[in-house]
Amino acid sequence: MSEQGLLDIGEDKSLLILDDDEPFRRRLARAMEKRGFVTTALDSIAAGRAF
9 MSEQGLLDIG EDKSLLILDD DEPFRRRLAR AMEKRGFVTT ALDSIAAGRA F
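Numbering (our numbering), first residue to last: 9 to 59.
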């Protein structure tokens, strides 16, 4: 896959992160926010469904 193909993710920069490991979830959310994403980080599938 070309580098351009990897960079073209569209206009929606929202990202839902679901993980029960809180330190990992926070670290991943911060890393993605630094790359321009707007993150929502939740700890379970149930929380994701409610979201």
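All residues carry an ideal CB built from backbone N, CA and C; glycine is no exception. Note that this is a predicted model, so its numbers are computed, not measured.
Of the residues E30, A58, G44, the one whose Cα lies closest to the Cα of G18 is G44. A straight-line Cα-Cα distance of about 23 Å links A54 and K21.
Residue burial annotation: A49 is buried, with at least 16 other C-beta atoms found within 10 angstroms of its C-beta. I25 sits in a strand when the DSSP states are folded into three classes. Counting along the chain, I17 sits inside no alpha helix (DSSP H), nor does DSSP assign it H or E at all.
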